[in-house]
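Here the sequence shown stands for residues 575 to 974, where the numbers follow our numbering.
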Amino acid sequence: MVDAQLGPVHPRWIRVNALKSTIDEQLDTTFKGFEMVPSVEEVIASASTGKRVICLDGHVPNLIAASPGIDFTKTEAYKEGKIILQDKASCFPAYLLDPRPEDGDIIDACSAPGNKTTHLAGILYERGGFADGQRILAFEKDEQRAKTLANMLKAAGSDAVTVVHAGRDFLKTDPHAPEFRRVGALLLDPSCSGSGIVGRDDAPEFHLPSAPPTPTAGSSKTSSSSGGGGGGGAQPPNRKRKRHEATTATAADTNATTNEEETATTSDSPSSPPNPALETRLASLAAFQLSIVLHALSFPAARKVTYSTCSVHAAENEQVVRAALASPVARSRGWRLLRRAEQVRGLRDWPVRGDRRACRTEAEEIAEACVRAEKGDGKGVMGFFVVCFVRDRVGGDGAV
Ligand code: SAM
575 MVDAQLGPVH
585 PRWIRVNALK
595 STIDEQLDTT
605 FKGFEMVPSV
615 EEVIASASTG
625 KRVICLDGHV
635 PNLIAASPGI
645 DFTKTEAYKE
655 GKIILQDKAS
665 CFPAYLLDPR
675 PEDGDIIDAC
685 SAPGNKTTHL
695 AGILYERGGF
705 ADGQRILAFE
715 KDEQRAKTLA
725 NMLKAAGSDA
735 VTVVHAGRDF
745 LKTDPHAPEF
755 RRVGALLLDP
765 SCSGSGIVGR
775 DDAPEFHLPS
785 APPTPTAGSS
795 KTSSSSGGGG
805 GGGAQPPNRK
815 RKRHEATTAT
825 AADTNATTNE
835 EETATTSDSP
845 SSPPNPALET
855 RLASLAAFQL
865 SIVLHALSFP
875 AARKVTYSTC
885 SVHAAENEQV
895 VRAALASPVA
905 RSRGWRLLRR
915 AEQVRGLRDW
925 PVRGDRRACR
935 TEAEEIAEAC
945 VRAEKGDGKG
955 VMGFFVVCFV
965 RDRVGGDGAV
């Protein structure tokens with residue numbers, strides 16, 4: 575369904591915060607009086623009937639799609655941190671990472687405002703995690719955004735199990751430091767072009783030419799040059815920072831940003847390829863994103879790492895994955911992609927996969943391992959990409 579002015583209609587996606595509530599409690603309270611329908615398509619269609627309907631998502635546990643246009647920020651559940659407004663696709667990374675009590679400490683490398691950090695905490699809590707001092711280590715380079723993160727963690731009840739590294743650059747951490755010796759899993763959701771965000775002008779789909787991105791000495795500097803948004807480098811003159819549509823929700827956070835993502839954007843025309851400014855921008859972002867992935871792959875006890883963006887561009891997605899897989903650190907440490915058949919059920923069943931054209935060698939295998947979400951395809955989600963790197967054994971790593 576498409577609104578003549580606003581484009582494709584999206585449901586309200588609501589994640590029930592397992593730390594504070596359950597689906598059953600929310601059905602009896604916040605959603606009392608809503609009609610339960612079997613599909614997201616019917617939820618989207620309710621935009622024209624004015625009915626108040628919901629459906630339980632078939633892919634991500636504890637996720638509800640509700641009729642478009644309803645403001646849940648006034649509800650008690652929202653104010654108490656029992657529900658979190660979070661796009662379905664944005665729930666994929668924590669769900670795909672599949673954190674477990676036996677994973678030890680979990681790093682969220684790029685955390686603010688904290689949607690995925692709190693999701694990690696909710697999943698772990700449901701699985702009986704946090705015994706034996708298990709913690710989530712949440713890095714956020716931008717001090718201001720780290721405050722928002724802290725507020726969100728508090729509202730969601732995950733502050734007690736999360737250590738916030740405010741103002742700390744993940745790229746400057748030493749993976750071999752004793753504080754990280756128990757880190758078994760990492761979630762990477764670095765700054766990106768944000769081209770998948772609903773309401774964002776679409777930039778043309780762009781594939782970097784043959785060479786995959788290579789991390790440069792200036793990669794981390796590049797990211798900080800955009801004020802914590804990542805990427806950057808030499809900025810095109812008409813680029814501006816921009817905050818986006820509110821999709822994040824926590825109670826204590828009402829005066830802070832309610833943005834899903836903090837990203838940098840271009841104001842280049844979406845319909846004028848080739849676009850050198852966009853190409854430069856994407857190459858810079860891709861180098862930064864690759865440096866984040868390679869850094870994560872070098873944590874000694876790590877066995878699984880998710881990498882995600884809210885970008886539609888293969889340059890930031892499949893091509894970063896290919897470059898990471900080809901890197902010495904991935905090869906020497908035995909990193910590979912989590913195959914579709916190995917993924918959690920909901921994402922195994924999710925039909926939209928990686929862009930084969932961007933995967934080249936072993937295209938089928940890589941593309942199948944990659945999970946994409948396309949905005950405007952009727953599924954009511956934002957444009958998104960996520961993949962999980964895994965390795966089957968830890969120890970005996972080469973000194974890379
Ligand atoms: N994962 C967040 C969520 O779901 O709410 C959204 C993360 S947003 C896309 C990227 C965040 O990473 C920004 O807040 C940015 O300031 C932060 N960031 C960028 N580079 C970083 C770095 N090198 N170390 C730590 N944080 C970084």
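Ideal placement from N, C-alpha and C gives every residue a C-beta, glycine not left out.
The structure displayed is predicted, hence computed values, not measured ones.
Pull up the DSSP beta-bridge partners for Arg587, would you. Position 13 of the sequence shown, counted from the start, is the residue given in the question as residue 587. Note on identity: in this sequence residue 587 is Trp, with Arg being the wrong assignment. Ala639.
Asn689 Cβ short of 7 angstroms to ligand 1 heavy atom set: Walking along the sequence shown from the start, residue 689 turns up at place 115. Of the heavy atoms belonging to ligand 1, at least one sits nearer than 7 angstroms to the Cβ of Asn689.
Between which two residues does the alpha helix (DSSP H) harbouring His693 extend? Within the sequence shown, residue 693 is the residue found at index 119, counting from 1. Judged by DSSP secondary structure, His693 falls within the alpha helix (DSSP H) whose first and last residues are Asn689 to Glu700.
Minimum C-alpha distance to Val903 - residue among Pro925, Arg927 and Leu871: Here residue 903 is taken as the residue at index 329 of the sequence shown, counted from 1. For Val903, the nearest C-alpha among the options comes from Leu871.
Local Cβ density within 10 Å of Asp682, reported as buried at 16 or more and exposed below that: One-based indexing of the sequence shown puts residue 682 at position 108. By the 10 Å Cβ count, Asp682 comes out buried.
Skipping 5 residues on each side, what residues in its chain have a beta carbon closer than 7 angstroms to that of Arg701? Taking the first residue of the sequence shown as 1, we reach residue 701 at position 127. Here the set comprises Arg674 and Pro675.
Along the chain, where does the beta strand (DSSP E) that runs through Thr603 open and close? Taking the first residue of the sequence shown as 1, we reach residue 603 at position 29. Taken as a continuous stretch (DSSP letters only), Thr603 belongs to no beta strand (DSSP E), as it is neither H nor E.
Look at the alpha carbon of Gly731 and the alpha carbon of Gly952, and state the distance between them as a whole number of angstroms. As a working note, residue 731 is residue 157 in the sequence shown. As a working note, residue 952 is residue 378 in the sequence shown. Approximately 34 angstroms between the Cα atoms of the pair.
Which whole-angstrom value describes the C-beta separation of Leu912 and Cys962, a residue pair presumed to lie in contact below a C-beta threshold of 8 angstroms? Working through the sequence shown from its first residue, we reach residue 912 at position 338. Working through the sequence shown from its first residue, we reach residue 962 at position 388. Going by Cβ atoms, the distance from Leu912 to Cys962 rounds to 4 angstroms, so yes, they are a contact pair.
Does the Cβ of Met610 have 16 or more other Cβ atoms within 10 Å, making it buried, or fewer, making it exposed? To locate residue 610, count along the sequence shown from 1; it is residue 36. Answer is exposed; the Cβ neighbour count stays below 16.
Secondary structure of Gly678, DSSP reduced to three states: Start at 1 with the first residue of the sequence shown, and residue 678 comes out as number 104. The answer is strand: DSSP assigns Gly678 an E or B state.
Taking the straight line between their C-alpha atoms, what separation do you get for Arg922 and His633? Working through the sequence shown from its first residue, we reach residue 922 at position 348. Working through the sequence shown from its first residue, we reach residue 633 at position 59. About 9 angstroms.
What are the residues that DSSP puts in a beta bridge with Arg910? Looking up residue 910 in the sequence shown gives position 336. BP columns for Arg910 point to Val964.
Rounded C-beta distance between Lys715 and Asp743? I'm assuming under 8 angstroms. Taking the sequence shown and counting its residues from 1, one reaches residue 715 at position 141. Taking the sequence shown and counting its residues from 1, one reaches residue 743 at position 169. With 8 angstroms as the limit, Lys715 and Asp743 qualify as a contact, their Cβ atoms being about 5 angstroms apart.
Let's see if you can read the secondary structure: which residues bound the alpha helix (DSSP H) around His869? Locating residue 869 in the sequence shown gives position 295, where the first residue counts as 1. First-last of the alpha helix (DSSP H) with His869: Pro850 to Leu871.
Need the endpoints of the alpha helix (DSSP H) that Phe666 sits in, please. Working through the sequence shown from its first residue, we reach residue 666 at position 92. Unbroken alpha helix (DSSP H) run through Phe666: Phe666 to Leu671.
Which of helix, strand or coil does DSSP assign to Pro844? Along the sequence shown, one-based indexing puts residue 844 at 270. Because Pro844 carries a pLDDT of 37, less than 50, the predicted location of this residue cannot be relied on, and no value is offered for it.
Contacts around Asp672, its chain only, beta-carbon distance under 6 angstroms, and the 5 residues preceding and following it disregarded: Position 98 of the sequence shown, counting from 1, holds the residue named residue 672. Hits under 6 angstroms: Val918.
Here's a check: name, in chain order, each residue in its chain whose Cβ is nearer than 7 angstroms to the Cβ of Val772, leaving out the five neighbours to either side. Along the sequence shown, one-based indexing puts residue 772 at 198. Within the same chain, Val772 has close Cβ partners His584, Glu819, Lys949 and Met956.
Between the alpha carbons of Thr796 and Ser858, how many angstroms are there, rounded? Position 222 of the sequence shown, counted from the first residue, corresponds to residue 796. Position 284 of the sequence shown, counted from the first residue, corresponds to residue 858. Note that Thr796 scores 34 on pLDDT, short of 50, meaning its location in the model is unreliable; the coordinates nonetheless yield the value given after this. Whole-angstrom Cα-Cα distance: 7 angstroms.
Taking the C-alpha atoms as reference points, what is the distance between Asn725 and Glu938? Along the sequence shown, one-based indexing puts residue 725 at 151. Along the sequence shown, one-based indexing puts residue 938 at 364. Between Asn725 and Glu938, the C-alpha separation is close to 42 angstroms.
Proximal residues to Tyr699 (C-beta, below 7 angstroms), its chain only, five neighbours per side dropped: On the sequence shown, position 125 is the one that residue 699 refers to. Hits under 7 angstroms: Ala592 and Leu593.
Along the alpha helix (DSSP H) that carries Lys625, what are the first and last residues, could you check? As a first step, residue 625 must be located in the sequence shown, where it is residue number 51. Taken as a continuous stretch (DSSP letters only), Lys625 belongs to no alpha helix (DSSP H), as it is neither H nor E.
Confirm the yes/no value for this check: CB of Phe754, any heavy atom of ligand 1, distance under 7 angstroms. In the sequence shown, counting from the first residue as 1, residue 754 sits at position 180. Incorrect: Phe754 has no Cβ contact closer than 7 angstroms to ligand 1.
Heavy atom of ligand 1 within 7 angstroms of Glu714 beta-carbon: Locating residue 714 in the sequence shown gives position 140, counting from the first residue. It does: the Cβ of Glu714 is within 7 angstroms (strictly closer) of some heavy atom of ligand 1.
Going straight from the alpha carbon of Pro850 to that of Phe704, what length do you get? By one-based count along the sequence shown, residue 850 stands at place 276. By one-based count along the sequence shown, residue 704 stands at place 130. Distance between the alpha carbons of Pro850 and Phe704: 48 angstroms.
With distances taken Cα to Cα, identify the nearest neighbour of Ala639 among Lys648, Arg626 and Thr647. Position 65 of the sequence shown, counted from the first residue, corresponds to residue 639. Ala639 has its Cα closest to that of Arg626, out of Lys648, Arg626 and Thr647.
Closest residue to Val964 among Val895, Gln863 and Leu856 (Cα-Cα distance): Against the sequence shown, residue 964 aligns to sequence position 390. Checked all of Val895, Gln863 and Leu856; the closest Cα to Val964 is Val895.
Name the two residues that bound the continuous beta strand (DSSP E) containing Ala947. Numbered from its first residue, the sequence shown carries residue 947 at position 373. Residues Val945 to Ala947.
Can you tell me where the beta strand (DSSP E) with Val879 in it begins and where it stops? As a position in the sequence shown, residue 879 is number 305, starting the count at 1. Here the beta strand (DSSP E) through Val879 covers Lys878 to Thr883.
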